[in-house]
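Chains as they are written, first to last, in numbering that gives the first Met the number 0: chain A, 0 to 296; chain B, 0 to 296; chain C, 0 to 296; chain D, 0 to 296.
A virtual CB, placed ideally from N, CA and C, is assigned to each residue, including glycine.
Predicted, not measured: the structure shown is a model, and the values here were computed from it.
Number of protein chains: 4
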Amino acid sequence: MTNFDKWIDRFSQRYPSAERLGVPVAKWRKSIYVTIFESNTKLGRNFDRILTILIALSLLVLIFHSVPSVQKSSFENLLSGLEWFFTIIFTAEYILRIISVRKPVGYIFSFYGVVDFLSIIPAYLSIFYPDAHYLSAIRALRLIRTFHVFPLLKGFMEDYLFLGRALKSSARKIFVFLSVVAVIVFVMGTLIYIIEGPENGFTSVPVGIYWAISTVTTVGYGDITPSTGAGRFFASIMMLIGWGILAVPTGLVGAEFYRNMSYRPDGMKYECDKCHEKLHDKDANFCKICGNEIIKK
Amino acid sequence: MTNFDKWIDRFSQRYPSAERLGVPVAKWRKSIYVTIFESNTKLGRNFDRILTILIALSLLVLIFHSVPSVQKSSFENLLSGLEWFFTIIFTAEYILRIISVRKPVGYIFSFYGVVDFLSIIPAYLSIFYPDAHYLSAIRALRLIRTFHVFPLLKGFMEDYLFLGRALKSSARKIFVFLSVVAVIVFVMGTLIYIIEGPENGFTSVPVGIYWAISTVTTVGYGDITPSTGAGRFFASIMMLIGWGILAVPTGLVGAEFYRNMSYRPDGMKYECDKCHEKLHDKDANFCKICGNEIIKK
Amino acid sequence: MTNFDKWIDRFSQRYPSAERLGVPVAKWRKSIYVTIFESNTKLGRNFDRILTILIALSLLVLIFHSVPSVQKSSFENLLSGLEWFFTIIFTAEYILRIISVRKPVGYIFSFYGVVDFLSIIPAYLSIFYPDAHYLSAIRALRLIRTFHVFPLLKGFMEDYLFLGRALKSSARKIFVFLSVVAVIVFVMGTLIYIIEGPENGFTSVPVGIYWAISTVTTVGYGDITPSTGAGRFFASIMMLIGWGILAVPTGLVGAEFYRNMSYRPDGMKYECDKCHEKLHDKDANFCKICGNEIIKK
Amino acid sequence: MTNFDKWIDRFSQRYPSAERLGVPVAKWRKSIYVTIFESNTKLGRNFDRILTILIALSLLVLIFHSVPSVQKSSFENLLSGLEWFFTIIFTAEYILRIISVRKPVGYIFSFYGVVDFLSIIPAYLSIFYPDAHYLSAIRALRLIRTFHVFPLLKGFMEDYLFLGRALKSSARKIFVFLSVVAVIVFVMGTLIYIIEGPENGFTSVPVGIYWAISTVTTVGYGDITPSTGAGRFFASIMMLIGWGILAVPTGLVGAEFYRNMSYRPDGMKYECDKCHEKLHDKDANFCKICGNEIIKK
């Protein structure tokens, strides 16, 4: 089993493997386990689908509940009620997950175990701090599994994994790049603070760095802008630098994508043993360059 | 006939095939049909050209008519008159298209059949709702056929199809990418709403999401900007994320373009004599299916 | 002589060929011709260098002259004087170019002939319309030849031609792409005008189109922004579209660049006759894939 | 030893080679030299690590010290004290570096020698000009060595060098590109000054150029925007141009990255046994210089 296959498995299962969770022996616990942790039974698949729809609905309620005109309308009570309804359901789900496995710790401290917990706790906190319940927006992360759950969207899974693989292989380079950008942005942010000063809106070095980031990334809000000649000259140079180095992550990911295209979706390589040509089509049996048969490894 | 050829055909014909429309038998109906649905007669080609010019002119009139200083001037009546003139012509064209085929339903519910209908109906609606007539701007979609109609621009058709093919083959990946961005933007938009709050312009979660999209895409209007230290720190991280993931669609489409360049524009000339596989790469010397040498004709 | 070499020649000579200009017979005219039109004599090269420096200086004077604080200072007269000094020199140069060739029409209507004319005429117009003299900024186009003139910068010529070649080969595709963007921007600009209306700053359809372009290109000035919920939702979609299609020209040019890298700077190809591998280094004598000798064509 | 290896060496050593600095003979001076200039002893490595942490801390102090609310608080004295503490340490380090080598000039005028000097002098200048001490932010440049110093981050060194190599090989092309952009931006900035004029915020040609740069790079602050119809039309064209040419540096760097990926990260392992050429591509089977087969070790 290659590294790549393990990754697919870990991803499609979402929760830790049966060994780490400990499949329960008691019949009633086992049937709960199979339904909520696995998706190879009809009941399990339907559970996943209903859960995904409930998550999406709970997020919609959250969005609408935050709109001032809705808060003042008669819908307010309905939306509050719905939020508590969803909280109870997801709390019940969380408790069921814990009691249905023999080693609850394996679930509680897994990535999605933490997300599940963080998605329900803000609602209870909101009794004391009303605004806290918006933090349950983190529940949106659970929607990433949508492609896996609905048969119609399963075709996208391959592209999803392709994107992930390409990003993963550029991740280290992008990290290095961002750390160099951090040094540039720090020096630039300090210089603009010296040039323009608090009287032109650059009230501190952190504000200068915030401005430098918004300029280098070409976002350019315009809430803080240079107004002296020297500051504008300096800003012009920064824009050109930002524009130039924007090319770096883009070029990196693009080159990585193209290289990844020569791998089959299952992570195997198609390389001709004779002429070492790598870019063969998925359906190729013979090398298009030298005519040698391709042994699929 | 490969999938690709069908696509070219469907595109160049614009309207459904003769079989689906039903070529009329009566001589007068058939001559109308040939003129307005086909472009292999001189009359048909001229009809297409005049129609394209009329569409472009009607859009220019629409633009000028919306300018306040024009609306107050003496040109107002002239432009109103011209708009009705164009509406009558396009209505007549629509009626002719319906009566000249034996199966009008095939035309009415085709893509361009719907566009044709939506392009004339707003003018009639404007009798009751004056602003409605701007909706006829959808007529602009009919201009996409311009490359096909004018001989001078026919050279661009190949590039047009190349772009379409490359985009089509990245479409699924871009869709997957945008759905991941949607999750990020939702979480970020909720967090900024909690951090900054209504007192700094982030009046609701949807407004936060609107801000998050404008930041991640590096548009950065600056109509809503963070003003607290925490908010600006958070925004800086979002800009860098946005800048980084901007690389994803760009890299994807670029890699797809480069791969597409190795296919012949006509997609079928390199046919294998043995197994009759047609879709070989430009640089292929041997058939990828059966290993037979390809004789380039 | 390949197409590519002709292009180099035309570019390095800048002015039409000797045949089209008509080399004069009289000795004094011929010596002027050789000095100002050719660059294979020491005098000719120095003339080119001094001219380039004068053009750069005249542009600097133009820039400084426009600053309000300079206009009010005692430098004003000096700068005015310098501008007239440059105008007289460039006028003299223009007259010399005309009288030193036998067929002045060939020079006057060539690309740089027109630029030369447009660079001096605004100064004379400024007697009647003071602001007109800024139009002489078009003189900056003459600076593009700088890489050719100075020996230190000659090394950049190859990169300059590489960029030109790659852009030239994507030009048609970029044109097709921009015409599709034009249709999208027109429809979007009209829709935002209907949604937001004049009361929110979208005073006419052209203003809506201006906004749509600033959004799709991710410039996002923020001088006109949607303020209704529907408008912001619509704007969010537009930003994502713009972000997505931004990938198209970038990907195109990138793919074209990569393809161009397999050509030698002199436009000849390095392709292996045996295995058809194309990406060889400049100094390669043998194919890195199959070991076959490369015959440089 | 190839050019590339020299570059790695120079980079990892940071300071000039032992020959250029002159290793001292006296025992106490030599032990100082080995500790602060070299990193092959345990003491030397720890010195490097502590120094890197001190630099990072001194920059954090600088940032916090600039925030107005901190300046007014009781922390002010603590931060001032810390800044002087860091200044004294770095001054001591600078003096030690000078006295521990036999040829101090070789150190003082090296790149990092100048950075070291510029990092301590602003603190002393701040006695006369209080704001000057922010200039010590240039110390951030010393952090670039972080990847080299900490064992955990050493894995990133390869990616760091990869990025550097790819950027270095596109540097000339990007310079040529930016000089063409400079000409465009100059002409455009002058034209918008003529079109919009001082009454709409375009107070001089330099301001127009500043606006043109912010538009072409898609930053779009929105502090200065066109308000006439002609100006907006002109701005729309500029945005599209900027969007189009943005593709150029991106495409360039991307293509360069992809080409660089085919080189081995160590750049020298595939040595030809016959002609001893070392810089072969990753996919090379035969020597590109002499055609001999490469035995991959």
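Exercise. Please confirm if T34/B has its CB atom under 8 Å from at least one CB of chain C.
Key: No - not a single Cβ of chain C is within 8 Å of the one on T34/B.
Quiz prompt | Among T227/C, V33/C, G188/C and S203/C, nearest to M237/C - alpha-carbon criterion | solution = G188/C
Quiz item: Going along chain A, which residues have a C-beta under 7 Å from A139/D?
Solution: V182, F185 and V186
Self-check item: C-alpha distance - T227/B paired with E195/B, whole-angstrom precision
Solution: 7 Å
Quiz prompt | Under the three-state DSSP convention, the category V24/B falls into | solution = coil
Quiz item: Secondary structure at R44/C, three-state DSSP: helix, strand or coil?
Solution: helix
Quiz prompt | Segments of 4+ residues assigned as alpha helix (DSSP H) that fall wholly inside the stretch 92 to 156 of chain A | solution = The qualifying runs are 103 to 107, 110 to 124 and 145 to 148.
Quiz item: What residue ranges within the stretch 161 to 195 of chain B form continuous alpha helix (DSSP H) runs of no fewer than 4 residues, ordered along the chain?
Solution: none
Quiz item: F110/C CB to nearest chain D CB: under 8 Å?
Solution: False, the Cβ-Cβ gap to chain D never drops below 8 Å.
Quiz item: Going along the chain, which residues of its own chain have a beta-carbon closer than 7 Å to the beta-carbon of E18/B, five neighbours each way excluded?
Solution: none
Quiz item: Is it right to say P135/C is buried, meaning 16 or more other beta carbons lie within 10 angstroms of its own, or is it exposed?
Solution: Checking the sequence, you will find Ser at residue 135/C rather than Pro. Buried is the call here.
Exercise. Answer with yes or no whether the minimum CB distance from T227/D to chain C is below 8 Å.
Key: no
Self-check item: Limits of the unbroken alpha helix (DSSP H) element including T224/D
Solution: No alpha helix (DSSP H) holds T224/D; DSSP gives it neither H nor E.
Exercise. Measuring only between beta-carbons, confirm whether T249/D sits less than 8 Å from chain B.
Key: yes
Quiz prompt | T217/C at chain B interface by Cβ criterion, 8 Å | solution = yes
Quiz item: Is I191/A near G221/A, with beta carbons less than 8 Å apart?
Solution: The answer is no: Cβ separation not under 8 Å.
Self-check item: DSSP state of N76/C mapped onto helix, strand, coil
Solution: N76/C falls in the helix class under three-state DSSP.
Quiz item: Measuring CB to CB, does I35/B end up less than 8 Å from L95/B?
Solution: Note that the C-beta distance between I35/B and L95/B is below 8 Å.
Quiz item: Where do the ends of the alpha helix (DSSP H) carrying P205/D lie?
Solution: V204 to V215
Quiz item: Less than 8 Å separating the beta-carbons of F89/C and I120/C?
Solution: no
Quiz item: Which one of I240/D, A55/D and G243/D has the shortest CA to CA distance from R141/D?
Solution: A55/D
Quiz item: For V24/D, which of V60/D, V66/D, T40/D and V100/D has the nearest alpha-carbon?
Solution: V100/D
Exercise. Classify D158/D as buried or exposed, calling it buried when 16 or more other Cβ atoms lie within 10 Å of its own Cβ.
Key: Its Cβ being crowded by 16 or more others within 10 Å, D158/D is buried.
Self-check item: Boundaries of the alpha helix (DSSP H) in which S38/A is found, first to last residue
Solution: Element bounds for S38/A: n/a, residue is neither H nor E.
Practice problem: Leaving aside the five residues before and after S213/A along the sequence, list all residues of the same chain whose C-beta is less than 7 Å from its C-beta, in chain order. | Solution: G219 and Y220
Quiz item: Is the shortest distance between the beta-carbon of K172/D and the beta-carbons of chain C less than 8 Å?
Solution: yes
Quiz item: Are any of the Cβ atoms in chain B nearer than 8 Å to that of P205/C?
Solution: yes
Quiz prompt | Counted within 10 angstroms of its Cβ, other Cβ atoms place F127/A as buried (16 or more) or exposed | solution = exposed
Quiz item: Which residues of chain C have a Cβ atom closer than 9 Å to the Cβ of F161/D, listed in chain order?
Solution: Here the premise fails: no neighbours, minimum Cβ distance about 17 Å.
Exercise. Output the boundary residues of the alpha helix (DSSP H) element that contains V69/B.
Key: P67 to K71
Practice problem: Find the nearest neighbour of P103/B within the set L177/B, G21/B, F174/B and V206/B, judged by alpha-carbon distance. | Solution: G21/B
Exercise. Could you confirm whether any beta carbon from chain C is found closer than 8 Å to the beta carbon of P23/B?
Key: Among the residues facing chain C, P23/B is not included, as its CB has no counterpart in that chain under 8 Å away.
Quiz item: So, are the CB atoms of I62/B and V204/C less than 8 Å apart?
Solution: yes
Quiz item: Taking just the CA atoms, how far does H64/A sit from Q70/A?
Solution: 6 Å
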